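Structure, as structure tokens:
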């Protein structure tokens, strides 16, 4: 009933995660109001992204170059590979700035419901990297969900014959988190994985 | 650090209402994963919208045509003009299907903070329409906010000399709303505007 281009735009925006039909309408109006500064720039940038951004054939990261900027960085440690589910998990780890090794992006988790199997996660590619490079540790940084943990166990089993050290992220109290808001599962895991507190008296001695 | 097009895309998506930096990253990844079916289609549709969608010079609605499909519809009632703040308010009223007159879209409210004055709302255009057409009623359907009500009062004052009937939407209990969740202002307004209940006994008689 209104302009077809506007209806199409709202329908496409509503397909983005985090936007429903109502917020898609608001977003479309916002774009129309800022026609040159936002709407046209977004159209150009989307086309650029479609043309330029590709998946790194080595680790699955997204970049304009292949191999990506992380795989190409000579100063990063080849001996550690961190396995993550998605590119935004890689981004989150990079923002934290604590990991200086390489990555393997699965692009999802094993999921019987979604029909997502081992071949979709590039496990063979990961095994080949572990065999070819001088990798000493694979860190499984999948989510602490059922699917994430199932995937981690599957990868650990597949890596076992190679003899590489396989680790996973610690579970515990989030930094800044309050104990009484924590779920039982996390609380149990944090208690089980408790660490000795170094005595300051012993240090002074 | 990653592909510039991807960074730009995330930055632009984060400017949409309803998307923060985090959800903009998720949306960008979602777009990249559906490169042909969503990303390229969105780019094309945005350009189409930028080229085709214009503001109706008569009522302020958005359409590919000027006058818009509502102003052009011969079956709609010229005697009623419904004044709304934004185009999505017009869409909401159209979805309800209860109003068959014409519209006037203000494109905002009077706001000292945003520096939005009467000239920005097309009030003169509204007055000219009331004077020229055979308008018998102007319905002020602005929001029940301070800015919305201020704007409604201002428009009512400006319309007073024309002798047209000026009405506003009723305030009261939302359909499906529970009394004990209602704020005091709405409850007071609903009580004050109470309506007689027709007696079924009188009807039976």
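Chains as they are written, first to last, in the working numbering: chain R, 1 to 205; chain F, 1001 to 1205.
C-beta: ideal position from N, C-alpha, C; glycine also.
Note that the coordinates shown come from a computational prediction; the quantities given were computed from them, not determined experimentally.
Coil, strand or helix - residue 97 of chain R by DSSP: Per DSSP, reduced to three states, the secondary structure at residue 97 of chain R is coil, with no helix or strand assignment.
Take residue 1165 of chain F and list the residues in its own chain whose beta-carbon comes closer than 8 angstroms to its own, dropping the five residues that flank it on each side. Within the same chain, residue 1165 of chain F has close Cβ partners 1136, 1137, 1138.
Nonlocal neighbours in the same chain, by C-beta distance under 7 angstroms from residue 123 of chain R, ignoring five residues either side: 155, 158
Kindly indicate if chain F contains any beta-carbon less than 9 angstroms away from that of residue 109 of chain R. no
Within a Cβ cutoff of 7 angstroms, which residues of the same chain sit near residue 99 of chain R, ignoring the five residues on either side of it in sequence? 82, 93
Roughly how many whole angstroms lie between the Cα atoms of residue 59 of chain R and residue 1086 of chain F? Approximately 47 angstroms between the Cα atoms of the pair.
Work out the CA separation of residue 1131 of chain F and residue 1079 of chain F for me, nearest whole Å. 11 angstroms
Name, going along the chain, the residues of the stretch 139-162 of chain R whose beta-carbon falls closer than 9 angstroms to a beta-carbon of chain F. none
Should the stretch 1046-1062 of chain F be regarded as contacting the stretch 4-11 of chain R, the criterion being three or more beta carbon pairs within less than 8 angstroms? yes
Within chain R, the residues that residue 1087 of chain F reaches when beta carbons sit closer than 7 angstroms: Those within 7 angstroms of residue 1087 of chain F in chain R are 29.
Roughly how many whole angstroms lie between the Cα atoms of residue 1111 of chain F and residue 90 of chain R? 44 angstroms
Put residue 79 of chain R into one of helix, strand or coil per three-state DSSP. In this structure, DSSP gives residue 79 of chain R an extended state, which the three-state scheme calls strand.
Keeping to the same chain, check which residues put their C-beta closer than 8 angstroms to that of residue 76 of chain R; ignore five residues upstream and five downstream. 70, 100, 101, 102
7 angstroms Cβ cut-off: residues of chain F touching residue 177 of chain R: None at all; the shortest Cβ gap to chain F is about 19 angstroms.
Within the stretch 95-170 of chain R, ranges of the beta strand (DSSP E) (whole runs, at least 3 residues): 101-105, 137-140, 165-168
Among F:1021, F:1022, F:1042, nearest to residue 15 of chain R - alpha-carbon criterion: The candidate whose alpha carbon is nearest that of residue 15 of chain R is F:1042.
Under 8 angstroms between beta-carbons, which chain F residues line up against residue 60 of chain R? List them in chain order, please. Going along chain F, no residue has its Cβ under 8 angstroms from residue 60 of chain R, so there is no contact; the nearest lies around 12 angstroms.
Identify, in the order they occur along the chain, each residue of the same chain with its Cβ nearer than 7 angstroms to the Cβ of residue 1012 of chain F, setting aside the five sequence neighbours on each side. Contacts found: none.
Does the distance from the CB of residue 1168 of chain F to the CB of residue 1142 of chain F come in under 9 angstroms? yes
Going by beta-carbon coordinates alone, are residue 1104 of chain F and residue 1125 of chain F separated by less than 9 angstroms? Using a Cβ distance threshold of 9 angstroms, residue 1104 of chain F and residue 1125 of chain F count as a contacting pair.
When you compare the CB positions of residue 107 of chain R and residue 114 of chain R, do they come within less than 9 angstroms of one another, or not? no
Would residue 1046 of chain F pass as a contact of residue 39 of chain R if the rule is Cβ separation under 9 angstroms? Yes.
Of all Cβ atoms in chain R, is any one closer than 9 angstroms to the Cβ of residue 1023 of chain F? yes
Interface residues of the stretch 1067-1086 of chain F facing chain R [CB-CB below 9 angstroms]: From the stretch 1067-1086 of chain F, only 1068, 1069, 1070, 1086 have a Cβ closer than 9 angstroms to chain R.
Taking residue 162 of chain R as the reference, which of R:31, R:97, R:129 has the closest Cα? R:129
Counting only C-beta atoms, is residue 174 of chain R closer than 9 angstroms to chain F at any point? no
For residue 1066 of chain F, does the three-state DSSP call read helix, strand or coil? coil
Need the endpoints of the alpha helix (DSSP H) that residue 192 of chain R sits in, please. 184-192
With C-beta atoms as the reference, is residue 1023 of chain F less than 9 angstroms away from residue 18 of chain R? Closer than 9 angstroms, so yes.
Would you list the one or two residues that DSSP bridges to residue 84 of chain R? R:105
Which residue's Cα is closest to the Cα of residue 117 of chain R: R:33, R:197, R:147? R:147
Report, in whole angstroms, the separation of the C-beta atoms of residue 1088 of chain F and residue 25 of chain R, which I expect to be a contact under 8 angstroms. 5 angstroms
Since residue 42 of chain R meets chain F, which of its residues come closer than 9 angstroms, beta carbon to beta carbon? 1009, 1012, 1013, 1015, 1016, 1042, 1043, 1046
Should residue 179 of chain R go down as buried or exposed, given a rule of 16 or more other Cβ atoms within 10 Å for buried? exposed
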